[in-house]
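For reference, the structure is listed below as structure tokens.
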Amino acid sequence: MEKTRQVHPLAIFPLLTTGVFLIPVILGLLGTWLPAFGYFPAIGLDRISLQPWVDLFNHPSFFSAVAKTLISGIGASVLAILLTAILLIGTYPSRFFNAIERVLAPILSVPHAAFAIGISYLITPSGWFIRGAESVFGWFPVPPLWTTFQDPWGVSLIITLALKEMPFLLFMSLAVLPSLNTSKALWLSKSMGNGARFAWLWLLLPQLYRQIKLPFFAVIAFSLTVVDIALIAGPTTPPTLAVLITQLFNDPNLLQRTVGAAGATTLLALVMASLLITHLAEWPLRELRSAFIRHGRQTSHWMSWEKPMALVLALGIGLVYLCSTLVTFIWSFAQRWRFPDILPNEFSVRAWARVFERIGEPFWCTFWLAILSACIALVLVILVLENEVRLRWQRGRFDTSKALWLIYLPLLVPQIAFLFGFQVALIQIGWDGQFIALLWSHLVFVVPYVFLTLSGPYRKFDDRFFWQALSLRQARYPAYWRIKFPMLLRPILYAFSTGFAVSIAQYLPTLFIGAGYFSTITTEAVAMSTGSDRRMTAVLALWQQILPLSIFALATLLPALRFRSRRAMQQR
Amino acid sequence: MFSLTDYQISLHGKVLFKPINTSVANQKVLAITGASGSGKSTIMADISGVLPPVFTSTGQISLNSKDLRSLPVEKRKVGILFQDDLLFPHLNVYENLVFGLAKKWTTAEKEKRICEALADANLQGYDKRDIATLSGGQRARISLIRTLLSEPELILLDEPFSKLDKALRQQFRQWVFAQLENMNIPTVLVTHDLDDIPTGSTVIHLETIHA
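One line per chain: the protein sequences are A and B, in this order.
Each step along the first sequence adds one to the number in numbering that gives the first Met the number 0, with nothing skipped, and position 385 is 384.
Each step along the second sequence adds one to the number in numbering that gives the first Met the number 0, with nothing skipped, and position 200 is 199.
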């Protein structure tokens with residue numbers, strides 16, 4: 000290789016890419032902290048003061064909102080990881096698990112808002128589940144007076160969140176499962192007289208946890224700060240803190256912005272505190288683990304309840320996802336659907352027609368945002384990964400674990416804690432309400448996910464193929480485009496679809512940075528869901544789901560088609 | 000003609016082996032042997048142009064009077080064959096073979112050359128086959144043909160026989176060196192199995208220099 004003293008062109012990309020998703024976070028945090036302490040020149044406040052905090056703590060809903068946030072946020076995260084653990088213990092490794100793996104991609108591609116809407120059609124007192132119970136058991140001649148949805152303590156929120164996050168945790172675990180050597184660990188444990196459950200609880204799960212710690216932190220941060228799902232499934236008056244803050248930010252009285260900023264900062268502090276406590280909790284748990292391993296007390300029964308429970312769980316969750324999509328589909332065509340009928344009495348396409356009229360602009364906005372952010376993110380990430388290849392070759396070894404925290408940063412900082420500040424910064428440079436600013440705000444979240452999805456397979460690529468191609472063809476670009484790129488086509492397309500889906504699901508960025516100029520299918524769906532027209536909401540929720548699903552379908556079909564006669568390129 | 004003059008590689012200031020001074024004429028083989036870790040594969044990497052910068056390489060490498068060090072990987076015209084055949088999985092046999100063929104040949108000429116090469120290797124009719132359906136021996140043969148078709152001026156063999164089973168090895172070895180003789184280019188072979196070395200080769204044994 001030429002030894003050159005100049006900076007290699009690839010070397011700027013890590014910096015550029017990091018800047019893309021870090022600058023908004025930093026600017027945003029600063030832009031939110033200042034107003035939180037009273038400094039908001041835009042509305043004439045140019046003195047640091049604690050008034051916003053006073054107003055915040057005096058807000059009638061504040062403390063109850065904090066309580067609900069903590070309950071639902073921590074509850075959902077704990078439930079999600081518990082469900083993941085049970086599923087793994089009970090079904091890994093097995094053919095059933097492989098089947099689960101295959102349906103994960105479509106399940107993950109369901110956008111949050113669409114999922115929450117679907118759940119609402121299932122578990123409300125007049126929802127499908129109750130109707131089913133009435134048809135089968137005759138228990139509910141009239142819808143019961145229970146509050147099964149949007150209940151004041153956030154149980155429905157916890158369930159909805161946990162159901163959405165568990166597939167994500169499962170997906171992140173998939174990559175590390177092979178390295179756990181489960182069969183060996185189980186064998187070892189049994190040879191020492193302890194059961195399989197022992198091996199899982201004290202050997203495998205702790206190892207797994209270490210590897211999926213960052214995704215778990217992202218889940219905690221998400222559960223504590225989500226707005227769209229909380230709007231749909233969470234308690235209403237008073238709502239969770241994130242929703243409360245959004246209301247404050249949209250209050251016609253501009254002074255409330257500072258209170259909102261104080262609230263956002265509080266939420267940031269809550270998230271950081273929760274993450275810290277979770278991190279510190281490892282120490283006592285580790286001691287517990289050592290104690291158990293030393294004393295080795297464990298009954299030797301084979302996993303008595305884990306396997307059946309995991310099976311029931313997996314099937315149950317799959318069923319929920321299926322039913323929620325199905326019932327949304329049915330609602331979109333329902334004209335008249337009385338309780339307790341399982342299917343509507345009258346069908347009509349009126350809702351579809353009405354949505355069709357008004358969906359033109361949000362649809363294209365959603366579509367272009369998603370395609371552009373996925374493409375740009377993909378290009379940036381590939382260039383960063385290629386630079387990594389170059390660096391690994393130069394330095395022999397390359398530790399990428401520190402960089403991982405950086406990638407996760409936009410996923411750990413609450414969206415609401417920095418989007419407001421970012422919007423303020425954009426106003427200063429005149430980009431407020433511009434498409435490019437909206438695109439940038441989406442990129443902040445799309446880039447990390449694309450990186451996380453692509454980096455694993457990309458790093459595993461055997462670079463000798465590239466060197467071989469280079470020595471054969473005597474040119475770099477053909478070596479890359481005709482050999483490396485096609486060999487990585489499946490992971491690349493998959494990463495693209497993931498980026499696309501992430502952009503579709505974004506709610507707050509469009510709300511804040513769009514500044515009212517742009518609306519996407521997601522913002523429309525969430526807005527419509529707080530109204531009472533179920534049919535229109537259903538149609539919008541389906542539109543929201545169709546887009547990522549079709550891209551995922553393409554991403555699966557394209558390589559399958561292209562490599563149909565290449566046995567070595569089939570998916571494992 | 001390929002030659003190494005006062006050639007030495009060091010890592011972190013420590014030299015890996017004594018300076019090498021040797022040359023290989025066309026149709027001749029230079030065999031480099033030594034224990035694992037003695038630097039054999041590093042030499043190969045250096046000659047083909049992909050020596051990681053943690054290593055320092057001194058001395059001259061010249062191929063047909065060209066100083067190889069001044070050329071980037073893709074311009075060196077050095078072919079390399081690894082233990083793994085590294086056939087491109089997403090291309091069939093024909094596409095793998097045509098990848099190395101120079102642009103100057105027309106499609107008809109390319110087809111002719113490939114068919115002749117396949118016939119020489121007893122693999123006629125295999126051009127449309129998916130490489131995943133080939134046996135280990137067939138893949139190894141295709142891999143060599145692919146490298147030879149790119150018309151290198153020097154060929155490096157990095158333990159290319161070690162993954163083949165014993166029965167196949169002898170046969171494959173003979174075939175490989177017959178092909179190489181036809182090509183009229185020098186060969187550098189790296190191996191730790193002395194049986195792999197054809198008679199009449201120059202042999203260099205790398206002693207690991209212990210600090």
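Backbone N, C-alpha and C fix where the C-beta goes; we use that ideal spot for every residue, glycine too.
Since the structure is predicted, the reported quantities are computational estimates derived from the model, not experimental observations.
Item, Value
"For F216 (chain A), the nearest candidate out of A:P343, A:L321, A:E164 and A:T522 (CA to CA)", "A:E164"
"Outcome for H7 (chain A) when other beta-carbon atoms lying within 10 angstroms are tallied against a minimum of 16", "exposed"
"Span of the alpha helix (DSSP H), counted from its first residue to its last, around T32 (chain B)", "That residue, T32 (chain B), is in no alpha helix (DSSP H); its beta strand (DSSP E) goes V28 to G33."
"Under 9 Å from the C-beta of P485 (chain A): neighbouring residues of chain B", "F87, H89 and L90"
"Straight-line Cα distance separating P71 (chain B) from M0 (chain A)", "With a pLDDT of 43 at M0 (chain A), under the threshold of 50, the modelled position of this residue cannot be trusted; read the value that follows with caution. M0 (chain A) and P71 (chain B): Cα-Cα distance of roughly 5 Å."
"Secondary structure of F16 (chain B), DSSP reduced to three states", "coil"
"Reference D150 (chain A), options A:I231, A:P59, A:A79 and A:P456, closest by Cα", "A:I231"
"Exposure of P485 (chain A), with buried meaning 16 or more beta-carbon neighbours within 10 Å", "buried"
"Anticipated Cβ contact below 8 Å, P51 (chain A) with T257 (chain A), distance rounded", "4 Å"
"Status (buried if at least 16 other CB within 10 Å, exposed otherwise) for E133 (chain A)", "buried"
"One or two residues paired with R335 (chain A) in a DSSP bridge", "A:E345"
"The alpha helix (DSSP H) enclosing S134 (chain A), as first and last residue numbers", "W127 to F136"
"Among B:E206, B:A131, B:D157 and B:L155, nearest to S564 (chain A) - alpha-carbon criterion", "B:A131"
"Beta carbon proximity, R475 (chain A) to chain B, threshold 8 Å", "yes"
"Residue(s) in a DSSP beta bridge with T519 (chain A)", "DSSP output for T519 (chain A) lists no bridge partner at all."
"Interface flag, T132 (chain B) vs chain A, CB-CB below 8 Å", "yes"
"Residue-chain proximity (F81 (chain B), chain A), Cβ-Cβ < 8 Å", "yes"
"T327 (chain A), buried or exposed, once every other Cβ within 10 Å from all chains shown has been counted against 16", "buried"
"Contact between the region 553-561 of chain A and the region 347-360 of chain A (3+ Cβ pairs under 8 Å)", "no"
"Beta-carbon neighbours of F421 (chain A), restricted to chain B and to distances below 9 Å", "Within chain B, no residue comes near F421 (chain A); the closest Cβ sits about 40 Å away, beyond 9 Å."
"Residue burial classification, L81 (chain A) (beta-carbon count within 10 angstroms, cutoff 16)", "exposed"
"Three-pair Cβ contact test at 8 Å for the region 109-117 of chain B versus the region 181-199 of chain B", "no"
"Close beta carbons around F332 (chain A), own chain, < 6 Å, minus the five adjacent residues each side", "F346"
"Closest Cα partner of P361 (chain A) within the set A:I503, A:T17 and A:N193", "A:I503"
"Positions along the region 39-58 of chain B whose CB lies within less than 7 Å of some CB in chain A", "S47, G48, V49, P51, P52 and V53"
"Option in A:Q414, A:P238, A:W127 and A:L204 with minimal Cα separation from R288 (chain A)", "A:L204"
"Bridge partner(s) assigned by DSSP for T57 (chain B)", "B:Q7"
"Between the CA atoms of G117 (chain A) and R534 (chain A) - distance to the nearest angstrom", "12 Å"
"T3 (chain A) versus A195 (chain A): straight-line alpha-carbon distance, rounded", "Caution is warranted here: a pLDDT of 47 is assigned to T3 (chain A), below 50, making its placement in the model unreliable, and no coordinate value can be reported."
"Local Cβ density within 10 Å of P447 (chain A), reported as buried at 16 or more and exposed below that", "buried"
"Same chain, Cβ closer than 6 Å to F495 (chain A), five either side skipped, listed in chain order", "A373 and L377"
"Assigned exposure category for R293 (chain A) - 16 Cβ within 10 Å defines buried", "exposed"
"Whole-Å CB distance - F20 (chain A) paired with P409 (chain A), under 8 Å assumed", "5 Å"
"Continuous beta strand (DSSP E) stretch holding H204 (chain B): start and end", "T201 to L205"
"Close beta carbons around I574 (chain A), own chain, < 8 Å, minus the five adjacent residues each side", "No statement about residue 574 (chain A) is possible, as the shown extent of chain A runs from 0 to 571 and does not include it."
"The alpha helix (DSSP H) enclosing V92 (chain B), as first and last residue numbers", "V92 to V97"
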